[in-house]
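Each residue of the sequence shown is one higher than the one before, starting from 168 at the first, in my numbering. Positions of the beta carbon are idealized from the N, C-alpha and C atoms, including for glycine.
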Amino acid sequence: MCLIFTCGEHTFRKQVEGYENVTCQCHNCGNYSGHVIKTHPWFTFCFVPVLPLSIHGYHDVTCHICNFAQPLENRPDVQAMKHGGGGNDVPMTAPPPQQGQGGPPAGWGQQGPPQGQAPMRYG
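Here it is as C-alpha cells:
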C-alpha cells in the first residue's frame with residue numbers, strides 16, 4: 168500500500184480597502200501597473216489550506232507585469248493616494264498639442280519627398 172501526501176504553500180490575495188482604484192508605477196520595470204494587494208500565505212496539506220503562515224498578512228505594491236512586490240510602508244507616494252487622494256498623476260495619454268493656426272500638426276503632408284530622391288514606385 169502506497170500513500171502519497173503533498174505539502175506546500177498557497178497565497179490568497181485581495182485588494183486593500185481604500186486602494187481599490189490606485190494604479191502606481193512599478194519600481195522594478197517602470198510600468199504603471201502596480202496595485203496594492205494584501206497577501207495571506209497558508210501551509211497546505213493535500214491541497215487543503217491548514218495553517219496560516221502570517222496572522223495579519225502583508226500589504227504590498229505588486230506589479231501585474233513583472234510580479235515584483237514591494238512593502239507598502241516603503242512607498243509613501245502610494246500611501247498618499249489612499250481613498251483617491253492627490254498624487255495620482257499616471258500619464259495615460261499625452262496632452263493635446265498647442266497649435267496657433269489650427270492647421271494639421273507638423274509632419275502631416277506639409278513637405279514633399281526629400282531633395283535628391285525620387286518618389287518610391289511600386290509594381
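(Q) As a quick exercise: from His226, Phe210 and Asp227, pick the residue whose alpha carbon is nearest that of Gly175. (A) Phe210
Q. Just checking my contact of Arg190 with Gly201 at CB under 8 Å: how many whole Å lie between their CB atoms?
A. The question names Arg, but residue 190 is Thr in the sequence shown. Confirmed, about 7 Å.
Q. Does DSSP classify Asn255 as helix, strand or coil?
A. Interpretation of Asn255 is limited by its pLDDT of 46, a score under 50 that renders its predicted location unreliable; the figure taken from the coordinates is listed afterwards. Of the three classes helix, strand and coil, the one that applies to Asn255 here is coil, per DSSP.
Q) Under 7 Å, do Thr173 and Ile204 count as touching if we go by C-beta distance? A) no
Q.
What does the alpha-carbon distance come out to for the pair Glu240 and Gln246?
A. Taking the Cα positions, Glu240 is about 8 Å away from Gln246.
**Q.** Gln246 in three-state terms, based on DSSP
**A.** In this structure, Gln246 counts as helix in the three-state DSSP scheme.
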